[in-house]
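Top line first, the protein sequences correspond to chains X and Y. Here this note's numbering runs 240 ahead of the position in the first sequence, where the first position is 1. Here this note's numbering runs 240 ahead of the position in the second sequence, where the first position is 1. The beta carbon of each residue, even a glycine, is placed where N, CA and C say it ideally should be.
Protein chains: 2
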Amino acid sequence: MLQAPACCAPMVREPLSDQDAKSLAGVFKALSDPVRLRLLSLIASFEGGEACVCDLTGPFDVSQPTISHHLRVLREAGLIEGERRGTWVYYWVLPDALSRLGTLLAT
Amino acid sequence: MLQAPACCAPMVREPLSDQDAKSLAGVFKALSDPVRLRLLSLIASFEGGEACVCDLTGPFDVSQPTISHHLRVLREAGLIEGERRGTWVYYWVLPDALSRLGTLLAT
DNA sequence: CATCTGTATCGATGACTGTCAACATAGACG
DNA sequence: CGTCTATGTTGACAGTCATCGATACAGATG
Numbered sequence: 241m242l243q244a245p246a247c248c249a250p251m252v253r254e255p256l257s258d259q260d261a262k263s264l265a266g267v268f269k270a271l272s273d274p275v276r277l278r279l280l281s282l283i284a285s286f287e288g289g290e291a292c293v294c295d296l297t298g299p300f301d302v303s304q305p306t307i308s309h310h311l312r313v314l315r316e317a318g319l320i321e322g323e324r325r326g327t328w329v330y331y332w333v334l335p336d337a338l339s340r341l342g343t344l345l346a347t
Numbered sequence: 241m242l243q244a245p246a247c248c249a250p251m252v253r254e255p256l257s258d259q260d261a262k263s264l265a266g267v268f269k270a271l272s273d274p275v276r277l278r279l280l281s282l283i284a285s286f287e288g289g290e291a292c293v294c295d296l297t298g299p300f301d302v303s304q305p306t307i308s309h310h311l312r313v314l315r316e317a318g319l320i321e322g323e324r325r326g327t328w329v330y331y332w333v334l335p336d337a338l339s340r341l342g343t344l345l346a347t
């Protein structure tokens, strides 16, 4: 369920299409939770730009399944990607997704 | 219930504080609905940068109370402002709020 | 004042979401 | 194979949200 590109031009320039609004809203919904925002920020701030789940469960007051759930939401929104390497699963941020949002919000 | 500034530095640089994450999540939640995104975009695209509610109810398939509700959410998130002028109520986008978000998402 | 139009609020309802405990799966290592 | 650790999935539950119809409020106009 990868989110659409949520395209290009600043949304204050011309009215968003219905489809763009819908896919964009999906991405913003993924960003609308404090835990997910901190996860995203934490992953991006890690050295090498990636972190394993074991690094991500400690800083939060929620259970490991909840972290796993939030990581899945971020992944399905196209904001992060992850893969298993041996014992651990690593996640990293997809910078293009963030910068596209930045462009869209630009005034 | 004006949202906090949701400050300054790109969130991929250093981990968000718990408080910043919470207030930021509130703003993104306001953006996480297709109708609200289109409202925001529509208001900003209007000539003069403002629109009265009567301009905003037509383009949507939802009732007038629902539009009113969404406008309130956007206003409480600090994304738009509005005032009554005689018969009609006009709303406009607060550009700083959007550009701050843009900065925060920058990579 | 009476009425009409534009906008906001209220109360209800169905859908969605964040969270957890319990369980399942995957790889490592003996 | 058996077991241990790391991570994901499932099912349930409480809280939140988008939406509507009904109603209230505000200003204009007769």
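{"Query": "Taking just the CA atoms, how far does residue 277 of chain Y sit from residue 304 of chain Y?", "Result": "16 angstroms"}
{"Query": "CA-CA distance, residue 272 of chain X and residue 286 of chain Y?", "Result": "27 angstroms"}
{"Query": "Pick helix, strand or coil for residue 292 of chain Y, following the three-state DSSP scheme.", "Result": "strand"}
{"Query": "Would you call the stretch 318–335 of chain X and the stretch 308–315 of chain Y touching, i.e. three or more CB-CB distances under 8 angstroms?", "Result": "no"}
{"Query": "What's the C-alpha gap between residue 330 of chain Y and residue 266 of chain X?", "Result": "28 angstroms"}
{"Query": "Just the Cα atoms here: how many angstroms apart are residue 349 of chain X and residue 261 of chain X?", "Result": "Because chain X spans 241 through 347 in this model, residue 349 of chain X falls outside it and cannot be assessed."}
{"Query": "Helix, strand or coil for residue 323 of chain Y? Go by DSSP, reduced to three states.", "Result": "strand"}
{"Query": "Around the Cβ of residue 337 of chain Y, are there at least 16 other Cβ atoms within 10 angstroms (buried) or fewer (exposed)?", "Result": "buried"}
{"Query": "Can you give me the C-alpha to C-alpha distance between residue 250 of chain Y and residue 328 of chain X, rounded to a whole angstrom?", "Result": "28 angstroms"}
{"Query": "Let's see if you can read the secondary structure: which residues bound the beta strand (DSSP E) around residue 329 of chain Y?", "Result": "328–333"}
{"Query": "Would a check of beta-carbon distances place residue 303 of chain Y closer than 7 angstroms to chain X?", "Result": "no"}
{"Query": "Using the Cβ count rule (16 or more neighbours within 10 Å means buried), how would you classify residue 263 of chain X?", "Result": "buried"}
{"Query": "I'd like to know whether the C-beta of residue 308 of chain X is nearer than 7 angstroms to at least one C-beta of chain Y.", "Result": "no"}
{"Query": "Check distances from the C-beta atoms of the stretch 263–275 of chain Y to those of chain X and list, in chain order, the residues that come in under 7 angstroms.", "Result": "264, 265, 268, 269, 271, 272, 273 and 274"}
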